[in-house]
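Here is the structure we will look at, set down as structure tokens.
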Amino acid sequence: MRWSNQLAQLCVCASVLLVPFAAQAASEDDPWESVNRPIYQFNDFVDTYALKPIAQGYEFVTPQFVEDGIHNMFRNVGDVTNLANNILQAKPAAAGVDTARLIFNTTFGVLGFFDVGTKMGLQRSDEDFGQTLGYWGVGSGPYVMLPLLGPSTLRDAPSKLVDSYTGPYRYINDVPVRNSVFGLNIVDTRASLLSAEKLINGDKYIFIRNAYLQNREFKVKDGHVEDDF
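Going letter by letter, the sequence shown gives residues -25 to -1, 1 to 204 in mature numbering (1 follows the signal peptide of the UniProt record, and there is no 0).
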């Protein structure tokens, strides 16, 4: 259930300059566009009339330091997924950093409210099981737009189920608490993307598709992407 995380990954590497260079390759990777576009339009409708207004209201009423702290807490929980996948990718150094971040942020950072790990020079990873499969040579497959969950690929979509075992929601038995935490996570992440929307121009579907695919390739290859120019 990481729809928001997939959009966050989009905004990290989305660039107006990069998108045109990948247009042809992206269309070849999107053979199911006739299905993906209507799903995207549904997602965009939900976002426009529900998620975005709620996120704007949340950002308006929440003090910045509280908003930052809540965001840090969810990122701290996400470090468990980063750690698990760095282990699966046989990256002991990165796994060690993940472990240190979890220890320092959970203790000195008050359950992650303060990101003391980054201030100590412990840079955060951003790993998931889709990247792990890609690291070991599994191709991404066709582009897929998932209802409510957002952009993905044939490789990455089922990987979300695996990553859910390293997230907190399976282990929260109190349903109202679980739903409240999950909802807050979505709203917090959507609020963090509000300022990034100005990057999008032209056909939003194509922009999001190309930026997502570029971002995934960048992450799977740990930034070592070949320059075609």
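Where is the CB? At the ideal position from N, CA and C, for every residue including glycine.
- Task: Quick one: measure Cβ to Cβ for D101 and K194, integer angstroms, because I've assumed they're closer than 8 Å.
- Result: Walking along the sequence shown from the start, residue 101 turns up at place 126. Walking along the sequence shown from the start, residue 194 turns up at place 219. Between K194 and D101 the Cβ distance is about 7 Å, and since that is below 8 Å, they are a contact.
- Item | Contact belief for G92 with R76 at Cβ below 8 Å, rounded distance in angstroms | In the sequence shown, residue 92 corresponds to position 117, counting from 1. In the sequence shown, residue 76 corresponds to position 101, counting from 1. That pair is a contact at about 4 Å.
- Query: Just the Cα atoms here: how many angstroms apart are Q106 and D138?
  - Reply: Numbered from 1 along the sequence shown, position 131 holds the residue referred to as residue 106. Numbered from 1 along the sequence shown, position 163 holds the residue referred to as residue 138. The straight-line gap from Cα to Cα measures roughly 11 Å.
- Task: Return the CA-CA distance between F157 and S9, expressed in angstroms with no decimal places.
- Result: Here residue 157 refers to the residue found at position 182 when the sequence shown is read from its first residue. Here residue 9 refers to the residue found at position 34 when the sequence shown is read from its first residue. In a straight line, the C-alpha of F157 is about 31 Å away from that of S9.
- Distance, I183 Cα to L86 Cα: For the purposes of this step, residue 86 is taken as the residue at position 111 of the sequence shown. For the purposes of this step, residue 183 is taken as the residue at position 208 of the sequence shown. Spanning the two alpha carbons is a distance of roughly 33 Å.
- Message: Tell me which residues share the same chain as W7 and place their Cβ nearer than 8 Å to its Cβ, disregarding the 5 neighbours each side in the sequence.
- Response: Here residue 7 is taken as the residue at index 32 of the sequence shown, counted from 1. Cβ neighbours of W7 beyond the five flanking positions: P117, Y118, V119.
- DSSP-derived helix/strand/coil call for D72: Position 97 of the sequence shown, counted from the first residue, corresponds to residue 72. The identity of residue 72 in the sequence shown is Val, whereas the question assumes Asp. Looking at V72 - three-state DSSP - the assignment turns out to be helix.
- Message: Suppose the cutoff is 7 Å on Cβ atoms and the five residues either side in sequence are ignored; what does the same chain contact list for A(-1) look like?
- Response: In the sequence shown, residue -1 corresponds to position 25, counting from 1. Low local confidence applies: a pLDDT of 47 at A(-1) is under 50, so the model's placement there is unreliable, with the coordinate-based value given in what follows. Excluding positions up to five away in sequence, the list is empty.
- Query: By a C-beta neighbour count over all protein chains shown, 10 Å radius and 16 as the cutoff for buried, is N190 buried or exposed?
  - Reply: As a position in the sequence shown, residue 190 is number 215, starting the count at 1. Under this definition N190 is a buried residue.
- Sequence-distant residues of its chain with Cβ nearer than 6 Å to P143 (five each side left out): Taking the sequence shown and counting its residues from 1, one reaches residue 143 at position 168. Within the same chain, P143 has close Cβ partners V52.
- Taking the continuous beta strand (DSSP E) assigned at T37, which residues delimit it? Translated into positions along the sequence shown, residue 37 becomes position 62. Unbroken run through T37: none, as it is neither H nor E.
- Go to P117, then tell me how far its beta strand (DSSP E) extends in each direction, as first and last residue. Translated into the one-based positions of the sequence shown, residue 117 becomes position 142. From DSSP, P117 is part of no beta strand (DSSP E); its letter is neither H nor E.
- Reference F49, options D131, K179, A171, R165, closest by Cα: As a first step, residue 49 is located in the sequence shown; it is residue number 74 there, counting from the start. F49 has its Cα closest to that of R165, out of D131, K179, A171, R165.
- Query: Do Y24 and V162 have their CB atoms nearer than 8 Å?
  - Reply: Position 49 of the sequence shown, counting from 1, holds the residue named residue 24. Position 187 of the sequence shown, counting from 1, holds the residue named residue 162. Taking 8 Å as the Cβ cut-off, Y24 and V162 do not qualify as a contacting pair.
- Can the beta-carbon of P151 be found less than 8 Å from the beta-carbon of F17? One-based indexing of the sequence shown puts residue 151 at position 176. One-based indexing of the sequence shown puts residue 17 at position 42. Taking 8 Å as the Cβ cut-off, P151 and F17 do not qualify as a contacting pair.
- Look at F104 and N60 and say whether their C-beta atoms are less than 8 Å apart. By one-based count along the sequence shown, residue 104 stands at place 129. By one-based count along the sequence shown, residue 60 stands at place 85. Yes, they are a contact pair.
- Round the Cβ separation of Y180 and Y15 to the nearest angstrom and send it over; I've been treating them as touching at under 8 Å. Taking the sequence shown and counting its residues from 1, the one referred to as residue 180 is at position 205. Taking the sequence shown and counting its residues from 1, the one referred to as residue 15 is at position 40. Contact flag correct, Cβ pair sits at about 5 Å.
- Query: Residues bridged to P126 by DSSP?
  - Reply: Numbered from 1 along the sequence shown, position 151 holds the residue referred to as residue 126. DSSP lists M120 as partners of P126.
- In whole angstroms, what is the alpha-carbon distance linking D197 and K27? What you label residue 197 is simply residue 222 of the sequence shown in a count that begins at 1. What you label residue 27 is simply residue 52 of the sequence shown in a count that begins at 1. If you take the alpha carbons of D197 and K27, they lie about 31 Å apart.
- Query: Is the beta carbon of A70 less than 8 Å from the beta carbon of I62?
  - Reply: In the sequence shown, residue 70 corresponds to position 95, counting from 1. In the sequence shown, residue 62 corresponds to position 87, counting from 1. Yes; because the gap between Cβ atoms is below 8 Å, this pair is in contact.
- Using CA coordinates, which residue listed in N185, G125, K173, E192 is at the minimum distance from D19? Locating residue 19 in the sequence shown gives position 44, where the first residue counts as 1. The option with the nearest alpha carbon to D19 is G125.
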